[in-house]
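Undergrad: Quick one: structure below, then a few questions.
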Amino acid sequence: MTHLGEGPDGRLDLELAKQTIDLLSLLKEKTAGNLDVEEDKLIEAVLYETRMRYLERSGNAPSP
């Protein structure tokens, strides 16, 4: 979340945030079938939360 303005310096860098999301997605793909249930839930939750915050910060969040 550090690239989404939530780190100690408060810096927003959407390009690095997108790269982080891509890396997490790749990690999830490469570890599929090798994680226990809790680990799978954790990576899915982190990916979801990071994607939602990215959408909020980039101005592409869906309207309620």
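End of the sequence shown = 80 in my numbering, gap-free, step of one.
For every residue, glycine included, the Cβ atom is placed at its ideal position computed from N, Cα and C.
Considering aspartate 38, what are the terminal residues of the alpha helix (DSSP H) in which it resides?
TA: Element bounds for aspartate 38: 30 to 47.
Undergrad: Taking the alpha carbon of tyrosine 70 as the point to measure from, which residue in Asn50, Glu54 and Thr36 has its own alpha carbon closest?
TA: Cα-wise, what sits closest to tyrosine 70 is Thr36.
Undergrad: Buried or exposed for leucine 20, going by 16 or more other Cβ atoms inside 10 Å?
TA: So leucine 20 counts as buried.
Undergrad: For the alpha helix (DSSP H) that contains aspartate 56, what are its first and last residues?
TA: First-last of the alpha helix (DSSP H) with aspartate 56: 53 to 74.
Undergrad: What does a CB cutoff of less than 7 Å around leucine 32 pick up in its chain, not counting 5 residues either side in sequence?
TA: Excluding residues within five positions, the ones whose Cβ falls inside 7 Å are His19.
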